[in-house]
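In what follows, a single structure is set out as C-alpha cells and then discussed.
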Amino acid sequence: PRPIFLTRHGESMDNVRGRIGGDTVLSDVGELYAKKLGNFVVKRLKSERAASIWTSTLQRTILTASSIVGFPKIQWRALDEINAGVCDGMTYEEIKKNMPEEYEARKKDKLRYRYPRGESYLDVIQRLEPVIIELERQRAPVVVISHQAVLRALYSYFADRPLNEIPHIEMPLHTIIEIQMGVTGVQEKRYKLMD
Ligand code: F6P
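Taking UniProt numbering, the leading residue of the sequence shown gets 555, the next gets one more, and so forth.
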C-alpha cells in the first residue's frame, strides 16, 4: 500500500511574528526542518521512483520542499492556505481589537465563518476536492507540503473525522503524518523531526 505523507511547511517569518496568511520565507528553524524533511523523504522514498512532492504555490511550502531532490514537484493553488481576506497579515490580537465582531463570529462558528473577501473552512474543504481525487488515484507515495487549515481538512478526510471538528484539529509544525490506506482501514504514524 502506498503511503501519503502530510506536513506543514517549516516555521515561517509570519509564524514567528504571529501573523496569519502572507507569503514570507522560512525562519532559521524552518530552514532546519526543510533539511531534516529532505533527509527523511529521500531516505524513505529512494526506491519509489514514481513518488511525487506536492506543495502549495506559496514560498514557504516551496522552500520547505527544496531539500527533497530527485522527485517531481507539483504546485497546487488548491493547497494554498485559507484566504483570510481583509485579515491577511494581521495577528489574532489585532483582529480581536480592530474587528471584534469578526473575531467573535469566527469563534462562534469557525467551520462556516468566512473572512470578508476571503474563505471559510467549508470553502477550503470544497476546493480540496480535485486534490483528493488525484491523491486517491495515485499509485505511488505522495508527500503533501501545505498549511494548517488545509491539512486539517485533508487529514480529516483520510482519518474520517467529523466536519465540526476540522477547524480545531491539532496540526503542529515540524511533524510528518504518514497515512497508509489498507484493506483494514487507515493507519497513521507521526514523526516529529524537531523538539
Ligand atoms: O498561523 C498560521 C496559519 O496557517 C495562518 O496562515 C492561517 O490563517 C491559520 O494558520 C489557520 O488556522 P486557524 O483556522 O486556526 O486560524
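For glycine and all other residues, C-beta sits at the position ideal for the given N, C-alpha and C. In this text the structure is predicted, and so the values were computed from the model without any measurement.
As assigned by DSSP and simplified to three states, the class of residue i
i	result
residue 702	helix
residue 737	coil
residue 656	helix
residue 730	strand
residue 629	strand
residue 674	coil
residue 611	coil
residue 562	strand
residue 550	Because the chain in this structure spans residues 555 to 749, residue 550 falls outside the shown range and cannot be described.
residue 697	strand
residue 600	coil
residue 580	strand
residue 664	coil
residue 681	helix
Residue i to residue j span [Cα, whole Å]
i	j	result
residue 644	residue 590	30 angstroms
residue 558	residue 728	16 angstroms
residue 615	residue 696	15 angstroms
residue 676	residue 684	15 angstroms
residue 670	residue 679	18 angstroms
residue 573	residue 649	10 angstroms
residue 500	residue 596	Nothing about residue 500 can be reported from this structure: the residues present for the chain run from 555 to 749 only.
residue 634	residue 701	7 angstroms
residue 748	residue 561	13 angstroms
residue 658	residue 586	36 angstroms
residue 598	residue 656	44 angstroms
residue 640	residue 652	12 angstroms
residue 672	residue 694	34 angstroms
residue 577	residue 698	18 angstroms
residue 629	residue 636	16 angstroms
residue 726	residue 588	15 angstroms
residue 737	residue 556	12 angstroms
residue 664	residue 623	38 angstroms
residue 646	residue 713	28 angstroms
residue 674	residue 638	8 angstroms
Among the options, the one whose alpha carbon lies nearest that of residue i
i	options	result
residue 662	685, 703 and 718	718
residue 581	566, 620, 588 and 660	566
residue 720	730, 704, 735 and 691	704
residue 681	577, 725 and 631	631
residue 691	623, 725, 723 and 735	735
residue 608	620, 654 and 601	620
residue 750	709, 714, 716 and 715	Residue coverage of the chain in this structure runs from 555 to 749, which leaves residue 750 outside it and unanswerable.
Under 7 angstroms between C-beta atoms of residue i and residue j
i	j	result
residue 775	residue 611	Here the chain covers residues 555 to 749 and nothing more, so residue 775 does not appear.
residue 606	residue 625	yes
residue 570	residue 613	no
residue 730	residue 742	no
residue 706	residue 687	no
residue 642	residue 584	no
Short CB-CB distance (under 7 angstroms) between residue i and chain D
i	result
residue 663	Although the question refers to chain D, the structure presented lacks it and comprises just one protein chain.
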